[in-house]
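One line per chain: the protein sequences are A and B, in this order.
Take any residue in the first sequence, note its place counting from 1, add 8, and you have its number in this note's numbering.
Take any residue in the second sequence, note its place counting from 1, add 8, and you have its number in this note's numbering.
There are 2 protein chains.
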Amino acid sequence: MHMNSSAVATAVRWGALSACWLGALLISVPAGAAETALTPKWEPVAPGVWKATIGSPEDLTLLSAAGQAPQLAALAGMPAAAFPFAAAEIEARPQARRTALRFPLGLDEDIYGLGVDFKSLRRTGSVFQLHVDHWSGRTGRTHAPVPLYISTRGYGVLIDSSRYVNFSVGLGVRLAAKDKPPVVDRTTGGPAWSSLPRSDSVEVSVPAGGVVVYVFAGPTPLDAVRRYNLFCGGGALPPKWGLGFLTRTPIGYSAQEALAEVDEFRQRGIPLDMLGLEPGWHDQAYPCSFEWDQNRFPDPAGFLAGLEKRHVRANLWFNPYISPTAPLYAQLRPYAGSHLVWNGIVPDYSLPQAREIFAGHLLKKIVGVNPAALGGFKIDEVDGGDQWLWPDHASFPSGHDGEQLRQTYGLLLQRTLMEVFRGLNRRTFGQVRGTNAGASPFPFVIYNDNYDFNEYITAVANTSFAGVLWSPEVRGGTGEDMLRRVQAVCFSPLALFNGWATNTKLWTHADVAGQIRDVIMLRQRLLPYWYTTFAQYHYQGTPVIRAMPLIAGFKAPAANPEPGKLDATANPYAIGKVVEAKDQYLVGDVLLVAPIAPGVASRKVTLPPGRWYDFYTGKPAGENETIDVSPPLSQIPLFVKDGGLIPLTNERQWAPGREEAVPLEVRHYGESPGELSLYDDDGETFDYERGECSWTKLRAAKDATGAWQGEVTAEKDARPWRYSAVTWRFMTTPEASR
Amino acid sequence: MHMNSSAVATAVRWGALSACWLGALLISVPAGAAETALTPKWEPVAPGVWKATIGSPEDLTLLSAAGQAPQLAALAGMPAAAFPFAAAEIEARPQARRTALRFPLGLDEDIYGLGVDFKSLRRTGSVFQLHVDHWSGRTGRTHAPVPLYISTRGYGVLIDSSRYVNFSVGLGVRLAAKDKPPVVDRTTGGPAWSSLPRSDSVEVSVPAGGVVVYVFAGPTPLDAVRRYNLFCGGGALPPKWGLGFLTRTPIGYSAQEALAEVDEFRQRGIPLDMLGLEPGWHDQAYPCSFEWDQNRFPDPAGFLAGLEKRHVRANLWFNPYISPTAPLYAQLRPYAGSHLVWNGIVPDYSLPQAREIFAGHLLKKIVGVNPAALGGFKIDEVDGGDQWLWPDHASFPSGHDGEQLRQTYGLLLQRTLMEVFRGLNRRTFGQVRGTNAGASPFPFVIYNDNYDFNEYITAVANTSFAGVLWSPEVRGGTGEDMLRRVQAVCFSPLALFNGWATNTKLWTHADVAGQIRDVIMLRQRLLPYWYTTFAQYHYQGTPVIRAMPLIAGFKAPAANPEPGKLDATANPYAIGKVVEAKDQYLVGDVLLVAPIAPGVASRKVTLPPGRWYDFYTGKPAGENETIDVSPPLSQIPLFVKDGGLIPLTNERQWAPGREEAVPLEVRHYGESPGELSLYDDDGETFDYERGECSWTKLRAAKDATGAWQGEVTAEKDARPWRYSAVTWRFMTTPEASR
């Protein structure tokens, strides 16, 4: 009867069963099975970027919602690259309720991206739906469910749909697959049996009659990300003040209290560039009136002048739903969707008319009052959860439905706000709680109400596959908890403290107040490094944050799953654990950040290939290995690559103004010569688009005597840059190396 | 500028804003907004049951997959009832990607049902999608996502679709709603501000071009459930042995070891009616060969004879995917879907041909070998998760897609298996891991791999709104943990121990072994009560388990949410807590079960209206109040309603055979007279459908002297029943009452 009942593991590949298959094929298949697989046609749309239009795509896509033009010149500067697939192996299947796609996936290949997940980086071996939502532990539901995947083979695929897109990544073995996983006896096969047999495909389904897909060539995974970001319009370039520190005042603060808060930062010597506020316009239910509250802010212009005088920009918190008592209400009512959010109407911002009305109000009544002091906004509640927002079947005047608006609402708002500031030739930098593909150029940083330290860090790393930015907000806490969180947020794109719902201040806990100040000051001093890193994002598409799988040659501590152990209640499928380097990342080219969680005394750091050095001491830390670090409470572990140059300003309380020349300290690490193209411009306007910017070459090398020398060379025809006297510090001295 | 900025809470209803609305209406609405709302037409299809066909529904619905005929005669016996809605208030909106529905919902109304959730009973104020899946904490994803809701106003609504159906229950306020929630200042409105403003609707969307909807009248919520169950074919009536105890042998057990396990139960005096097995057919990858393993079970017929001799039925564990080496493979290959599950093909059981092939094999090769000993099956892996099963875009020979098969696979399997046994005129009782609407008549009990005690109990309660059964499996544990779990499972529809992946036996922990035996014996003795309760389910549609909201006049400890407190990280929306009586339920008409979790010394029990008495002592426990109980470890808290009659057998090791007369003990509780219609039949076959059954009236009342007397009256023309000598025990003696 039964052929494989021995106690020895029996693993046969499907090839061995071909007689069986052959027999099966002789029996005719029932009629209903007919389904046509089409081979999409790929047309080049930019250097190393191809597009396929499958079926009849809907008009509102993610890239159309973002509405930005590709950086074709920058793309043209990238190396030539061939289409990364055998095109015949990509299949599209139009179905009654959806469009299904299949992309080949090598058995040695891993997939990253597909949205900013908070738990893991690697997507191979998972199944999920991408859906704009507040992260709550559910894969695929996130603030940035960007349907872009990046392969370890060095290419990217973007499903440009405003629908909830489904992915099976290396799971769901097809009956028609050529190479099937081994058939292993579950009872006797031991660890060879896998509950998750690996498939040869990434399968995608889109609940629409068609879809637009883009493929981005490499040759490296980082190149694929670069092409994606450049195709979306290049990465955001914040104003310099946006890279300073932001604090948000507690609920109910008045203008007077807010200014006093700024003064206290100054008195305590804590750098501050942005003041977060809720102008009292949540008063109506929670959707906004978009009018300053008369009692708390009786004189908005005077208040903004007070901020300007203090070198601080206001960041105003809103949600984009319009309170029934808002002056804007009557104008936007004709563009309202079928459902309310907290009693506010939901304007159909996919209609240009609605965006114009909203932008017009912000421009005339809010930003225009004092553009030098009103720096930006925090766009709240554009993510979810389902219980706050409209249902998928909500209808909107444009004819788009609730699902499409849900996937694009954050994009549409960011676009609207960016255009307000662009109209004033001022850059902005703010926060947003929901975004999607196409967002690379938007100067908004994601945040949320989640508060798990480790998830925060994984999210920071995952942004590098998604063309977005993420900031792990600090919202209070005690002693060590607050210090560790401030350290982490200072090494994220937007350094901030959200004091809205706490009485705690950054200086409340005397035992850590000095260390908190120190790391904020370090963040402030690192402005030149951050600014150049953002310039790389903008001009070259290279992400600000780089997850470890994007680093050439990086090997995670254990690339394969650990075998799982059967347990009736804890692990009935005997699933193994995947070890990932998801708790560390690079900022820019040479700075490795390994945040330490509150309550943790030591951690492991996996160093990429090449020698790495301790940021603080310049001492060698290791090379292509996993090390243990137990830094003092005052330090977040930071490592610099051999030859790395880290430019810093002097200690300052706010970012340099547009005409201000600032002294520069350049630190060199390691034993190899170093080189850095330092970017600069006025730090505030879009004049850089007219060439008002400079790349200055910094070089460190040993001279004939073996002594380190630093060299500064402005590029030919470059505009003057704004850093003045340069001091060189060669960190890895013979003493440090010992 | 701002009109409502005082520090006093400002709550205005939308009516006050009518001028504003009027102004808005004068502006013409953009063109895209046009969407037609249809009013469905309702036709009566059974007494108190109406059907509406909206658009063009798909052929495969949940009820069509279940394929059972309504119990029209029983429905005709229910009280007449009017259509429970103002029909004009129900709206259907055909959209490009879905069909949307709106049902009115009173502000005083609460909704239950919508699938077996494990966290809460009440659905009002939630948004989710119903999806067959393994429960993992995500509302809507469950083993029984039955799209039926039951209103506290006493009616039910079933969305009969094999798609993932979306619900917004009392959330998602429509712009067009007549009565909108108050507009409250978030900052100053205090607890009057709600993050979840209540809507006047249940909104539904189905991703299909049409849908069939049923409405079930009451007048009570329990009546609506009854009508639903009867419309689905009436509740399952298990064989008597199915209400005994089941134990599942450890992985790799041989025939010899399995029989020895039965003998050990007998030696230890622990009742046992069913032996769960994996016949070694998981050998091929995990999908089954559907052949006994030659090494472990060399003589299946001999093994089954051994079980029969021991009065025990085999329950065979399988998953319905066909291993490539199975003899069935070639026959079912033409009916395979496009994707594999663990290397096995996925037969399209929505095709009768595929069901017939599978049923034929089970009948000829498995059940037919010894129908007296082969009692049933455990149908595994028909729920999820997404990572194990096929993608939604999988295609099947019938033309149905993966989503439709996912929603109906468990139903189709249960139907197939029930028909195998029905063909032999033998009842079966087994387990299933995924089911859906229409399952009421299927003799299968849901189980899963979840192991949270409190969630288990809530699930048991929730089955009462869904026409399904659920058993909180015991899988091992230590001492008190195992005892408390065995107590709970003994007061669920299927009492079992799953020893597959543990070395622990029920008697491993000497400190609790006796108490474990005792509660299993109590379960065994309560067979007449369980059997009559199941007969009520079958003949009258009354669920076996009754969640507290189904009990007339029951008031949960606090019906309204507790106000929430704003916390920046733990509760940024200041959401209140809902208090529900979700940790207790009734079994049948008079027995209140309040399981105690391991490690808990006391708990609260909320007693419904009327006096309640302790099951063990007959002492008064309270009335329409919440009491604290601290029972000994040996007891699960049980309470009997005033006048309740509880029939028990003598102590026995297995259920009575079809010709066996068993002595009966009838316990009376409380101070009121009691009455019970005790059901009986042969306990094994479907002969009851030909009238081979009896309802016997048991009555307890005080005679003229004030002494309690019991009376037994067989119904006119009733077949003889199988309980012999009746002993009456009046539990609430004057001593007990003191």
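Glycine included, C-beta positions come from ideal geometry on N, C-alpha and C.
Annotation: residue 179(A) is outside any alpha helix (DSSP H) and is labelled neither H nor E by DSSP.
For a Cβ distance threshold of 8 Å, residue set 101, 103, 106, 108, 174, 211, 213 of chain B lies close to residue 401(A), ordered along the chain. Secondary structure at residue 357(A): coil, using DSSP grouped into helix, strand and coil. Residue 542(A): member of the alpha helix (DSSP H) spanning 535-548, first to last residue.
In the structure shown, residue 462(A) falls within a helical segment according to DSSP collapsed to helix, strand and coil.
The region 83-90 of chain B makes no contact with the region 112-131 of chain B; the number of CB pairs closer than 8 Å stays below 3. Apart from sequence neighbours up to five positions away, the residues of its chain that approach residue 707(B) with a beta-carbon distance below 6 Å are 683, 719, ordered along the chain.
Look at the region 400-427 of chain A: the residues with a C-beta under 7 Å from a C-beta of chain B are 400, 401, 403, 405, 406, 407, 409.
For a Cβ distance threshold of 7 Å, residue set 509 of chain A lies close to residue 575(B), ordered along the chain. With respect to the C-alpha of residue 349(A), the residue from 179(B), 575(B), 317(B) having the closest C-alpha is 179(B).
Rounded to the nearest whole angstrom, the CA to CA distance from residue 327(B) to residue 611(A) is 44 Å. Straight through space, the alpha carbons of residue 368(A) and residue 547(A) are spaced by roughly 30 Å.
Judged by their CB atoms, residue 173(B) and residue 212(B) are nearer to each other than the 8 Å cut-off. Counting the other Cβ atoms within 10 Å of the Cβ of residue 741(B) gives fewer than 16, which makes it exposed.
For residue 147(B), the number of other beta carbons within 10 angstroms of its own is at least 16, and it is reported as buried. Residue 169(B): not part of any beta strand (DSSP E); DSSP gives it neither H nor E.
No Cβ of chain A is located within less than 8 Å of the beta carbon of residue 632(B). The three-state reading of DSSP puts residue 64(B) in coil, since its state is none of H, G, I, E or B. With respect to the 8 Å criterion, residue 230(B) and residue 469(B) are not classified as neighbours on the basis of their beta carbons. Contact of residue 580(A) with chain B is assigned, a C-beta pair being separated by under 8 Å. For residue 195(A), the nearest CB of chain B lies under 8 Å from its own CB, placing it at the interface with that chain. Sorting 662(A), 475(A), 486(A) by C-alpha distance to the C-alpha of residue 237(A) places 475(A) at the top.
Taking residue 362(A) as reference, the option from 307(A), 409(A), 421(A) with the minimal CA-CA separation is 421(A). No Cβ-Cβ contact shorter than 8 Å links residue 263(B) with residue 235(B). Here residue 240(A) carries a coil assignment [DSSP, helix/strand/coil]. DSSP places residue 489(A) inside the alpha helix (DSSP H), whose first and last residues are 487-498.
Within chain B, no residue has its CB atom less than 8 Å from the CB of residue 478(A), the nearest being about 17 Å off. Put simply, the backbone Cα of residue 578(B) is about 27 Å away from that of residue 330(A).
With a cutoff of 8 Å on beta-carbon distance, residue 564(A) and residue 602(A) are scored as not near each other. Taking the CA atoms as reference points, residue 278(B) sits about 9 Å from residue 660(B). In summary, the residues of the region 453-474 of chain B whose CB is separated from some CB of chain A by less than 9 Å are 457, 458, 459, in the order they occur in the chain. Sequence-distant Cβ neighbours of residue 345(B) in its own chain, meaning closer than 8 Å and more than five residues away, are 353, 354, 355, 356, 398, 402, 403, 404, 405, 410, 413. Contact of residue 395(A) with chain B by beta-carbon distance below 7 Å involves 134, 135, 179, 204. Taking a contact to require three or more Cβ pairs closer than 8 Å, the region 72-82 of chain B and the region 104-112 of chain B do not qualify as touching. With a beta-carbon spacing of about 11 Å, residue 241(B) and residue 545(B) fall beyond the 8 Å limit used to define contacts. Residue 369(A) has a beta carbon lying at 8 Å or more from every beta carbon in chain B.
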